[in-house]
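Step one of this worksheet: look at the structure below.
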Amino acid sequence: MSVSLYNTGVSGLLAAQQQLATTGHNIANVNTDGFNRQRAEQNASIGVYSGGNFTGSGTYVNDITRIYNQFTYKEQLHNQSNLSNADTLHKDLDQLNEIMSFSGGAINSSIDKFYQTMNGIADNPSDLGLRSIALNQAEILSSDFRTLNDNIDQLEKSANGEISQMADKISQISVELAKINEQILQGRDLTLNGQPNDLLDARDRLVGELGEFTSVNTIVDANGIMTVMIGSGATLVAGITPLSLSVQSGDPDPKNTELRIVGPNSSVAINGAALGGSLAAKFEFRDEHLSQLSREVNRMTMAISQSLNQSQSAGLDLNAQQGLNIFTDINSTALQAGRVLSPSTNAGNLAASVNITDISKVPTDDFEIRYDGTDYIMTNMNDGSVQNLGAPGAGTYTPNPDYGFEFTELSGTPTTDDSYIIRPTENSTALMKVTLTDGKGIAASGAIDVTDSDNNVSDGNVNLINVIDPVTARSYTDTTNSGLLVDVYESAAGVFSYRVYDADPLSPPPTPPSVVGAIASGTFLAGNSAVIGMPPAATPPAFQIEITGQPIGQGALAPEKFTIGDAFGIGNGKNATLMALTQEKGVVNNGKETFSQSMAISTSDVGAKASSAELVSDTAEALYTQAYNRNQEISGVNLDEEAANLMKFQQAYQASSRIISIANTIFDTLLQASR
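Numbering of the sequence shown is given in my numbering, commencing with residue 151 and proceeding in unit increments.
Structure, rendered in structure tokens:
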């Protein structure tokens, strides 16, 4: 009996010792990240049959289990990925918002100051000081735009660098997970109940760390080996085989770096935007938010450059010459070629360019043009709309609907399935420079002007609507002709006839009205207008006039008359006035937005995105906190509970020691009695 009692005491002592060790292990790891508390599973030993009864033979610890709930852990992991995604995107957008708030204000201020100087030149066109100030302000404006562009480029480089760092970290985690799988496989004896709890915790901790960078799914087989998949199901760890995540330059745009899953013998491209976690947030920030803002800024730069350059070309400088471009020509060779990106996989040798025809129609979308073996097929990469441009060989292709640009073949030919990425606004800000170096070159003066006859009584008007070549326009009106005389009369009810004559007083228009000797003539219906190019045979004409309203004369004073003549002079600031008016003209987004409005919309859009991202981040943090707390309630170490267990198992240890002591006393008594 004493031997049985002794064995019972020893079993209790050993069990209490393991309970104390497990409790101590829990207490020691209370602050260990990812630690799941453990519990010694204690069972009663099978009783011994003696004297018609089963006598208990003590206890044993069957297993030390990890208190782990798969569902709460998966919930925590899922919310952790969402939180990393939302938090990363919020921080990036917040930084972009700060940049846009500062740069947007600086650019709008520069626009205002530039146009203030243009208004000053319109009032005093002969002031060389004002002209010099205007060019300085143009330099500041272009510098502010380039600074914003540089900041956007820097954010893009930073995003690419962080994507590369995350890919390296994910690859390291993959190797470590594979090593733990191997350790578990090598140390696992399927005949035993014991689990390598601390290894399992370490593996889950690595999976949790991986979940910060990407969404994670795991499968554990019968041997305890875990397969790890990221994103939409791409395998990162296959048992004891780790795969890595590599970064390579984008094609055709090397700045749009791409990800690939790399195995022992092959690699597969993976969509970074679909990975989840902070990695997907970086791709979203780079490819959506930064890219969209960059295209908007580029389009605004184009609009300012084109509007001012066109206005400048319509006037004459102090040397009576046509105004040269103030800013870089938006259709320079470099800009036209840079709008077409050709992937390295193209087998053909086609070289192409994109020419901007109408800045007001240019969208911020990207396009793909693919040669299907018969025709060029253009796809809007934003909305997916498709249109057929026609077969190769035509030279120039104008999309329909018109997006304000033309696709032009320069040389070579495509082969089937060759594709080309079209970015209509590409590089416009980076290459924006002030090309006019002399203030005298500002074309403040108008070349020609229209004067109404004092005898006109109707609401009819003749307006200059487009001066393409002001030097030729001036020569045509002042040298080729002695001015131009435009008269308009109602030739039938609701029908107006017009004539354009040399205004030489020695050769007046015939009366009654006829077209004899007219340079140009025609008719238009009431409610419409007539646009006339001068000289009529020139392509393009030097200038255009438009007759509007209802020029109905009365009696002997009919028809209504308008004279077009030379207007150049160093004191003429009419063209400078027209240039200044472009500040209030809608030229962006189908003529709906001015320069300042466009910048304000882009700035507020970034601010709204940053604010929305903050709300999403706060929500994600609350959900993660709830999931974490739920998991900790099950798996976390509670010091109060462990302290109570410590006292309980200490008492059990002491009691078992007492049983052993009593068993020894009984055994000694029996030995002494038998002597």
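The C-beta atom is built at its ideal place from N, Cα and C for all residues, glycine as well. Predicted model, so just to flag it, every value in this text is computed and none were measured.
Inter-residue spacing [alpha-carbon to alpha-carbon] between residue i and residue j
{"i": "Gly381", "j": "Gly374", "result": "23 Å"}
{"i": "Asn331", "j": "Ala794", "result": "35 Å"}
{"i": "Ser632", "j": "Glu518", "result": "53 Å"}
{"i": "Ile196", "j": "Ser207", "result": "7 Å"}
{"i": "Arg216", "j": "His228", "result": "21 Å"}
{"i": "Asp604", "j": "Thr661", "result": "19 Å"}
{"i": "Ser154", "j": "Asn186", "result": "37 Å"}
{"i": "Asp790", "j": "Asn176", "result": "12 Å"}
{"i": "Ala272", "j": "Gln315", "result": "56 Å"}
{"i": "Leu539", "j": "Thr558", "result": "11 Å"}
{"i": "Val180", "j": "Ser785", "result": "11 Å"}
{"i": "Tyr210", "j": "Ile390", "result": "35 Å"}
{"i": "Val160", "j": "Thr222", "result": "39 Å"}
{"i": "Leu440", "j": "Met531", "result": "16 Å"}
{"i": "Ile411", "j": "Ala388", "result": "12 Å"}
{"i": "Leu138", "j": "Pro574", "result": "Since the displayed the chain opens at 151 and closes at 825, residue 138 lies outside it and no answer follows."}
{"i": "Ser664", "j": "Asp637", "result": "11 Å"}
{"i": "Ile809", "j": "Gly426", "result": "60 Å"}
{"i": "Phe799", "j": "Ala166", "result": "5 Å"}
{"i": "Val418", "j": "Asn301", "result": "33 Å"}
{"i": "Leu340", "j": "Gly174", "result": "Note that Leu340 scores 49 on pLDDT, short of 50, meaning its location in the model is unreliable; the coordinates nonetheless yield the value given after this. Each residue's Cα considered, the two are about 27 Å apart."}
{"i": "Thr182", "j": "Thr172", "result": "15 Å"}
{"i": "Ile669", "j": "Met268", "result": "37 Å"}
{"i": "Leu500", "j": "Thr732", "result": "38 Å"}
{"i": "Gln822", "j": "Tyr156", "result": "18 Å"}
Residue i beta carbon near the ligand FAD (any heavy atom closer than 6 Å)
{"i": "Asn496", "result": "The model depicted lacks the ligand FAD and carries no ligand whatsoever."}
Endpoints, the beta strand (DSSP E) within which residue i is located
{"i": "Glu640", "result": "Leu634 to Ala642"}
{"i": "Val612", "result": "Asn611 to Val617"}
{"i": "Ala470", "result": "Ala470 -> no beta strand (DSSP E), and no H or E assigned at all."}
{"i": "Arg649", "result": "Val645 to Asp652"}
{"i": "Met684", "result": "Ala680 to Met684"}
{"i": "Tyr570", "result": "Ser569 to Ile572"}
{"i": "Gly672", "result": "Ala670 to Leu675"}
{"i": "Ser811", "result": "Segment Leu789 to Ala823 is the alpha helix (DSSP H) holding Ser811; no beta strand (DSSP E) there."}
{"i": "Thr385", "result": "Ala384 to Ala388"}
{"i": "Asn286", "result": "It is not in any beta strand (DSSP E) - Asn286 instead sits in the alpha helix (DSSP H) that spans Leu278 to Gly337."}
{"i": "Leu539", "result": "Val536 to Gly540"}
{"i": "Pro631", "result": "The sequence given here has Asn at residue 631, not Pro. Counting along the chain, Asn631 falls outside any beta strand (DSSP E), and DSSP gives it neither H nor E."}
{"i": "Glu696", "result": "Phe693 to Thr698"}
{"i": "Ala502", "result": "Ala501 to Ile506"}
Range of the contiguous alpha helix (DSSP H) that encloses residue i
{"i": "Asn415", "result": "First-last for Asn415: undefined, no H or E at that position."}
{"i": "Ala760", "result": "Phe745 to Ser785"}
{"i": "Asn229", "result": "Gln220 to Asp273"}
{"i": "Glu446", "result": "Ser441 to Ser463"}
{"i": "Phe363", "result": "Asn347 to Phe363"}
{"i": "Asn725", "result": "Lys724 to Leu731"}
Residue i burial status per 10 Å Cβ neighbour count (16 or more: buried)
{"i": "Ser824", "result": "exposed"}
{"i": "Asp262", "result": "exposed"}
{"i": "Arg436", "result": "buried"}
{"i": "Val198", "result": "exposed"}
{"i": "Val325", "result": "exposed"}
{"i": "Glu359", "result": "buried"}
{"i": "Ser535", "result": "exposed"}
{"i": "Leu327", "result": "buried"}
{"i": "Glu783", "result": "exposed"}
{"i": "Glu853", "result": "Missing from the structure shown is residue 853; the chain here goes from 151 to 825 and no further."}
{"i": "Asn235", "result": "buried"}
{"i": "Ser365", "result": "buried"}
{"i": "Asp652", "result": "buried"}
{"i": "Met684", "result": "buried"}
{"i": "Asn448", "result": "buried"}
{"i": "Ser503", "result": "buried"}
Residues sharing a beta bridge with residue i, DSSP
{"i": "Pro402", "result": "In the DSSP output, where bridge partners are listed per residue, Pro402 has none listed."}
{"i": "Thr205", "result": "Val198"}
{"i": "Asn530", "result": "Phe517"}
{"i": "Asp602", "result": "Phe712"}
{"i": "Tyr553", "result": "In DSSP, Tyr553 forms no bridge with anything."}
{"i": "Met376", "result": "Val370"}
{"i": "Val738", "result": "Glu743"}
{"i": "Phe477", "result": "Val584"}
| said: Measuring CB atoms only, is the segment 671-679 touching the segment 642-651, in the sense that at least three cross pairs come out at less than 8 Å? | reply: Yes, they touch.
| task | Decide if the segment 494-511 is in contact with the segment 448-459; the criterion is three or more beta carbon pairs, one per stretch, under 8 Å apart. | result | Below 8 Å, enough C-beta pairs join the segment 494-511 and the segment 448-459 to call them touching: three or more.
| Are the segment 577-596 and the segment 275-284 touching, with three or more C-beta to C-beta distances below 8 Å? | Between the segment 577-596 and the segment 275-284, the count of C-beta pairs closer than 8 Å reaches three or more; the two stretches touch.
| query | Is the segment 491-505 touching the segment 611-630 in the sense that three or more CB pairs, one from each, lie closer than 8 Å? | reply | no
| message | Pairs of beta-carbons, one from the segment 250-268 and one from the segment 742-760, closer than 8 Å: are there three or more? | response | Taking a cut-off of 8 Å on C-beta distances, the segment 250-268 touches the segment 742-760, as three or more cross pairs fall below it.
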